[in-house]
Amino acid sequence: MNSEERDDVKVARDATSLFVMNIITASSSVLYFSVAARILPSPVELGILAFITILGMLLNTFGTFALPQAAIRFLADLRGKKSIAGGRAFFKRIIIAATFCSMGSALFLVILSNPLASLFLSDASNAIFIVSLAFDIIPLIMKNFFHRSLIGQGRVKKAGTAGAIGGISRATFAMIFLLQGYGILGIIFGWAIGDSLDAALCFYWASQGYLSDGESRVTNKALMEYIGPLYLSNILNYLNSTLDRYVLLLFIGSASLGFYTPVLTVIGLVSYLPMSVSSALFPKFSQMFSGSGKDRTRRAADIAIRWLYIIFLPITFGIALESYYVLLLIAGGVYTSSAPFLSLLVIIYGISSPSVVYVSILMAHARTQRLFYVKAVVLLSGIVTAILLVNSLQIWGVVIARSIMILAEFGLSGLLLWSLNEVNFAGRFIVKPLLASVSAIVVLFLFQNIWSQLFILPIYAILGLLVYLFSLRLLRGIRSSDLDFLRDFLPGKLSKIIDIFEVILISGKSKED
Numbered sequence: 016m017n018s019e020e021r022d023d024v025k026v027a028r029d030a031t032s033l034f035v036m037n038i039i040t041a042s043s044s045v046l047y048f049s050v051a052a053r054i055l056p057s058p059v060e061l062g063i064l065a066f067i068t069i070l071g072m073l074l075n076t077f078g079t080f081a082l083p084q085a086a087i088r089f090l091a092d093l094r095g096k097k098s099i100a101g102g103r104a105f106f107k108r109i110i111i112a113a114t115f116c117s118m119g120s121a122l123f124l125v126i127l128s129n130p131l132a133s134l135f136l137s138d139a140s141n142a143i144f145i146v147s148l149a150f151d152i153i154p155l156i157m158k159n160f161f162h163r164s165l166i167g168q169g170r171v172k173k174a175g176t177a178g179a180i181g182g183i184s185r186a187t188f189a190m191i192f193l194l195q196g197y198g199i200l201g202i203i204f205g206w207a208i209g210d211s212l213d214a215a216l217c218f219y220w221a222s223q224g225y226l227s228d229g230e231s232r233v234t235n236k237a238l239m240e241y242i243g244p245l246y247l248s249n250i251l252n253y254l255n256s257t258l259d260r261y262v263l264l265l266f267i268g269s270a271s272l273g274f275y276t277p278v279l280t281v282i283g284l285v286s287y288l289p290m291s292v293s294s295a296l297f298p299k300f301s302q303m304f305s306g307s308g309k310d311r312t313r314r315a316a317d318i319a320i321r322w323l324y325i326i327f328l329p330i331t332f333g334i335a336l337e338s339y340y341v342l343l344l345i346a347g348g349v350y351t352s353s354a355p356f357l358s359l360l361v362i363i364y365g366i367s368s369p370s371v372v373y374v375s376i377l378m379a380h381a382r383t384q385r386l387f388y389v390k391a392v393v394l395l396s397g398i399v400t401a402i403l404l405v406n407s408l409q410i411w412g413v414v415i416a417r418s419i420m421i422l423a424e425f426g427l428s429g430l431l432l433w434s435l436n437e438v439n440f441a442g443r444f445i446v447k448p449l450l451a452s453v454s455a456i457v458v459l460f461l462f463q464n465i466w467s468q469l470f471i472l473p474i475y476a477i478l479g480l481l482v483y484l485f486s487l488r489l490l491r492g493i494r495s496s497d498l499d500f501l502r503d504f505l506p507g508k509l510s511k512i513i514d515i516f517e518v519i520l521i522s523g524k525s526k527e528d
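Structural data, given as structure tokens:
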């Protein structure tokens, strides 16, 4: 392999490692959520739990000042410049920042627990849940810093392993306490145990080779210039991702958020693939930009977007078709009325999945100010739409607003990078996977009208996959060069598996492309 191919394969392997670990974590989280949705007395309690979750996300955003992302950016950059001493000095600054940010966030929760409970949960007695979150917020923020440090150091597999162990522990202890009758408080303390284990593992691995003395190569000015616009962008990103939930809490109530939460849980689960790709690409883009620049960035982005669409589109379309059964499995029959919300959102999310690649490029190339403008426009579109529609359409109002925001970020960030000649037009990558996905869904829809039962869903999944692969072959959606890349990606004898897929997926003319 030449150097460019090695970069591409390294990115793919890192992304796959993170994806596998994230799927392990997600599976345990879905199991815990399934238990919680059935044991908690009503959607109101599920809505309270959802608010506690977004409150933790708020402090992970506002209380860290974009420093965890700076850890990826500058540690990867220093690695690219072979500055070992500089990396050690910067990691020590990360440890100090993690300590102050986590302690400050916990103090914030304790002091403002009553006002927050009165405003968002309509009852100051619910402040106990917010105070309890302080026990989890310290390891939650710590693991954010050290997990990002591991990625910046190039230890992606260790970051994924720590996340998987912590995620499984988080869900397991939450379920244990929940089954013992401790309710929401038990869930929060279960989170705290899992996040503490995750943070400890991340710190242990990130500190290896990075606790020796070193000379700082990152000035305070350079750090502030990077994190200033990015911090504002993170705030906008948080508001973008949680606007629908806050609107439901303030305008309708926690019960509506409870009904909406299973939809968000499924969306969160399917988002692990693009998120894993983004996490692996960010440090690689930083190194590429420090070295050979745009050409290799475009190549890596093209491969990422192409495979995101090939793999991700059929998954999202399949979930959209079977949204009723997906919610029945995850949350129970009480929440299946939310199936239409899930169908629309998951399709929108699949089509716009390259957004994670675009955002990674903008951050890695230090175009944080332009990213801020993109996020601001997205947030404004969501606020206007949600306020106009929520009173008349209720939950549908926030679903439509969320859809508009997802598409706006995808379109604006892609258009910005395309105008700067830093990515190729994504539309050329979606056509064939989209047509193949639609073909599979049409066949499954016809079969489902004949016989529709929960226990035959695995059979439908296999049938849909076969139709999708056959459609890709007819459309010549896979090229020999794509499979050559996978051969390099798979280790040893496993690469022989690609020969089988080549027979299935590639026609004679495709081999000549």
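Note that the working numbering has the sequence shown beginning at 16, numbered continuously upward.
A virtual CB, placed ideally from N, CA and C, is assigned to each residue, including glycine.
The residues Leu-258, Asp-259, Val-262, Gly-412, Val-413 and Ala-416, in chain order, have a CB closer than 8 Å to that of Ala-401 in the same chain once the five nearest residues on each side in sequence are set aside.
Between the alpha carbons of Phe-356 and Val-278 lies a gap of roughly 7 Å.
Note that the region 225-245 touches the region 85-98; at least 3 beta-carbon pairs, one per stretch, sit closer than 8 Å. Asp-210 sits buried, since 16 or more C-beta atoms from the chains shown fall within 10 Å of its C-beta. Annotation for Lys-107: the continuous alpha helix (DSSP H) segment containing it runs 99-126. Look at the region 186-238 and you find these whole runs of alpha helix (DSSP H), each 4 residues long or longer: 198-222. Assigned with DSSP and collapsed to three states, Leu-489 falls in helix. A contact is defined here as three or more CB-CB pairs under 8 Å, and the region 151-164 meets this definition with respect to the region 197-215.
Residue nearest to Ala-237 within the set Tyr-287, Phe-105 and Ile-318 is Phe-105 (criterion: CA-CA distance). A distance below 6 Å between beta-carbons, with the five flanking residues on each side excluded, links Gly-397 to the following residues of its chain, in chain order: Leu-258, Ala-416 and Met-420. For the set Ala-81, Ala-112 and Ala-51, the Cα lying nearest the Cα of Ile-191 is the one of Ala-51. Judged by their CB atoms, Ser-375 and Phe-425 are not nearer to each other than the 8 Å cut-off. About 36 Å separates the CB atoms of Val-146 and Val-171; that is not less than 8 Å, and the two are not in contact.
Judged by DSSP secondary structure, Val-453 falls within the alpha helix (DSSP H) whose first and last residues are 442-465. At a Cβ-Cβ threshold of 8 Å, Ala-112 and Leu-272 do not count as neighbours.
Taking a contact as a CB-CB distance under 8 Å, the pair Ala-186 and Tyr-47 counts as one, their CB atoms being some 4 Å apart. For Phe-144, same chain residues with a beta-carbon under 6 Å away, outside a window of 5 residues either side, are Ile-67 and Ile-199 in chain order.
Around the C-beta of Asn-37, 16 or more other C-beta atoms lie within 10 Å, and the residue is accordingly described as buried.
Assigned with DSSP and collapsed to three states, Thr-79 falls in coil, not helix or strand.
Residues of the same chain with a CB within less than 7 Å of the CB of Ile-282, apart from the 5 flanking positions on each side, are Leu-360, Val-361 and Tyr-364 in chain order.
Under the Cβ criterion (8 Å, minimum of three pairs), the region 239-259 counts as touching the region 72-91. Look at Ile-145 here: in three-state DSSP terms it is helix. Here Asp-514 is exposed. Its C-beta has fewer than 16 other C-beta atoms within 10 Å.
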